[in-house]
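In terms of UniProt numbering, the sequence shown is residues 1 to 228.
Read through the structure below, which is laid out as structure tokens, and then see the notes.
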Amino acid sequence: MTNALLQAHDVHLSFGTTPALRGAGIAVHEGEILAVMGPSGSGKSTLLHCLAGILVPDRGEILFDGRRVDRLGETARSSLRRDTFGFVFQFGQLVPELSAEENVALPLLLAGVRRTKALTEARAWLDRLGLGDLGRRTSGELSGGQAQRVALVRGLVARPRVLFADEPTGALDSLTGEQVMDLMVTVARDEGTTIVLVTHEPRVAAYADREVVVRDGKVLALTAEPVG
Ligand code: ADP
Ligand code: MG
Numbered sequence: 001m002t003n004a005l006l007q008a009h010d011v012h013l014s015f016g017t018t019p020a021l022r023g024a025g026i027a028v029h030e031g032e033i034l035a036v037m038g039p040s041g042s043g044k045s046t047l048l049h050c051l052a053g054i055l056v057p058d059r060g061e062i063l064f065d066g067r068r069v070d071r072l073g074e075t076a077r078s079s080l081r082r083d084t085f086g087f088v089f090q091f092g093q094l095v096p097e098l099s100a101e102e103n104v105a106l107p108l109l110l111a112g113v114r115r116t117k118a119l120t121e122a123r124a125w126l127d128r129l130g131l132g133d134l135g136r137r138t139s140g141e142l143s144g145g146q147a148q149r150v151a152l153v154r155g156l157v158a159r160p161r162v163l164f165a166d167e168p169t170g171a172l173d174s175l176t177g178e179q180v181m182d183l184m185v186t187v188a189r190d191e192g193t194t195i196v197l198v199t200h201e202p203r204v205a206a207y208a209d210r211e212v213v214v215r216d217g218k219v220l221a222l223t224a225e226p227v228g
């Protein structure tokens, strides 16, 4: 528990009078793919947002690599998100005005990489993952599954320590969802990326090394944590 890469301890968070997290605890180990399951409204996304430094809990601790994320100010949390974390959400959220490769290059540009270098790197990632043909298209010219794969590559291009994926297959049919998950798992294994994967689909959770379930704002462990 203590040497986990990412941890939440006794985290509470309410939206107004609606409690979303009520003493949630979780440990995410380096290099693992952890599925966070649970019914709609149970607090999965809120927990992910706390772990990723997007939301600050009312009470409790968030630790990344031994640092108290919940004690950081907005600027430091924003740097942590940009430099260390990657994100992919239910609806790819590609910038519609930009081509697929420009979308993939965005995290690199935000990190200060020059435009030509960022685009070269974005193209190399798309090629390596068999998506090279899509690079020049805009999101309107991509199918839902293609757009989500591009969004996934965008989440990975800056080589994040942790990829946060919130219902990444939620808008896709099951075959397309499997293609997205195959890609995600392949890259995670190659790069050693740790993944926090929120899903309510057991078929998607089956790609993970371990599952936890969120219920009423608390985390129930399902499969044993790895030793060490
Ligand atoms: P899940 O991702 O498991 O569906 P959420 O974490 O999104 O659950 O939501 C947990 C609870 O918090 C729900 O009751 C939800 O309605 C509430 N909630 C989530 N986000 C907000 C928000 N921005 N404003 C108000 N209530 C919210
Ligand atoms: Mg959610």
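For each residue, glycine too, the CB sits at the ideal point set by N, CA and C.
All values reported here derive from a predicted model rather than from experimental measurement.
Ranked by how close their Cα comes to the Cα of Glu102, the residues Ile62, Lys117, Met184, Gln90 have Lys117 in first place.
Secondary structure at Gln90: coil, using DSSP grouped into helix, strand and coil. The secondary-structure analysis by DSSP pairs Arg137 with nothing; it has no beta-bridge partner. Residue environment analysis places Val36 among the buried positions, since at least 16 neighbouring C-beta atoms fall within 10 angstroms of its C-beta. Scanning Ala8, Phe15, Pro107 for the CA closest to the CA of Ser78 turns up Pro107. The residues Ala27, Leu63, in chain order, have a CB closer than 6 Å to that of Gln7 in the same chain once the five nearest residues on each side in sequence are set aside. DSSP places His49 within a helical segment (H, G or I) once states are collapsed to three. The beta carbon of Thr84 sits closer than 8 Å to the beta carbons of Phe64, Pro160, Arg161, Val162 from its chain, once the five residues preceding and following it are set aside; these are given in chain order. Across the set Asp216, Val180, Trp125, the C-alpha of Val180 shows the shortest separation from the C-alpha of Phe91. Taking 7 Å as the cut-off, the C-beta of Thr199 does not count as close to any heavy atom of ligand 1. Within the same chain, Cβ atoms closer than 7 Å to the Cβ of Gly135 are found at Ser99, Ala100, Glu101, Arg123, Leu126, the five residues on either side in sequence being excluded.
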